[in-house]
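Engineer: Quick note on numbering: the sequence shown equals residues 1 to 143 in my numbering.
This is the structure, below, for whatever I ask next.
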Amino acid sequence: MIKEDKGQVSLEYLLIFAVSIILLIAFTLPLAEIGLEKTLDVSNTMNAKGELSKLSNAVSQVYGEGQGSKQTIYMDLDKSINVKITNSYLSSSYMMKDSKTKEFKLYHNSNLNSGSLFLDKGENKIIVEWPINSEHMIIYKKY
């Protein structure tokens, strides 16, 4: 009679395979989570910069059209930001999940007074206007 030890070999194979999978998961999941966080940070930063670019383009357009022009834009943000306004650029910083900040600056032509504009998380309705008989353009948030 021939003894068959195939059951023991199968059990050893399954145990080695299970330990290998557990080790693989233990090392790859934390790395995947870090990579995912960084990817989301980059995506959110690019979204904020794109939304700020819409505002910069609106400022340039109103300046180009002259007194009496007005433009309304809608900005949808993932996080609240504070926008610094000058007559030549808009700038803002974006706080990432790893506590680092990303600064961006967008240039435009205008005659705006210096100031700042706080934009909430979610949708913001922004008015860029150059009133008639006014020397300077204005930017304000409509609620």
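Glycine included, C-beta positions come from ideal geometry on N, C-alpha and C.
The structure presented is a predicted model; accordingly, all values stated were derived computationally and were not measured.
Under a Cβ-count criterion, where at least 16 other Cβ atoms within 10 Å of its own Cβ denotes burial, should Val19 be classed as buried or exposed?
Structural biologist: Burial call: exposed.
Engineer: Anyone know if the C-beta pair for Thr72 and Leu112 falls short of 8 angstroms?
Structural biologist: Contact: no.
Engineer: By the DSSP assignment, the beta strand (DSSP E) with Lys121 in it spans what residues?
Structural biologist: Where Lys121 is concerned, there is no enclosing beta strand (DSSP E), given that its DSSP letter is neither H nor E.
Engineer: Can you tell me which of the three DSSP states Glu103 falls into?
Structural biologist: Residue state, collapsed to three classes: strand.
Engineer: Can you list, in chain order, the residues of its chain with a C-beta nearer than 6 angstroms to that of Ser69? Leave out the 5 residues immediately preceding and following it.
Structural biologist: Correct list, in chain order: Val62 and Trp130.
Engineer: Assign Thr39 to one of three DSSP states: helix, strand, or coil.
Structural biologist: Of the three classes helix, strand and coil, the one that applies to Thr39 here is helix, per DSSP.
Engineer: Grab me the residues of Asn37's own chain with a C-beta within less than 8 angstroms of its C-beta, minus the 5 sequence neighbours each way, in chain order.
Structural biologist: Reading off the sequence, residue 37 comes out as Glu, not Asn. These residues qualify, in order along the chain: Lys97 and Asp98.
Engineer: Is Ile132 helix, strand or coil by DSSP?
Structural biologist: Of the three classes helix, strand and coil, the one that applies to Ile132 here is coil, per DSSP.
Engineer: Could you tell me the distance, in whole angstroms, from the CA atom of Ser56 to the CA atom of Phe17?
Structural biologist: Using only the alpha carbons, I get a separation of about 57 angstroms.
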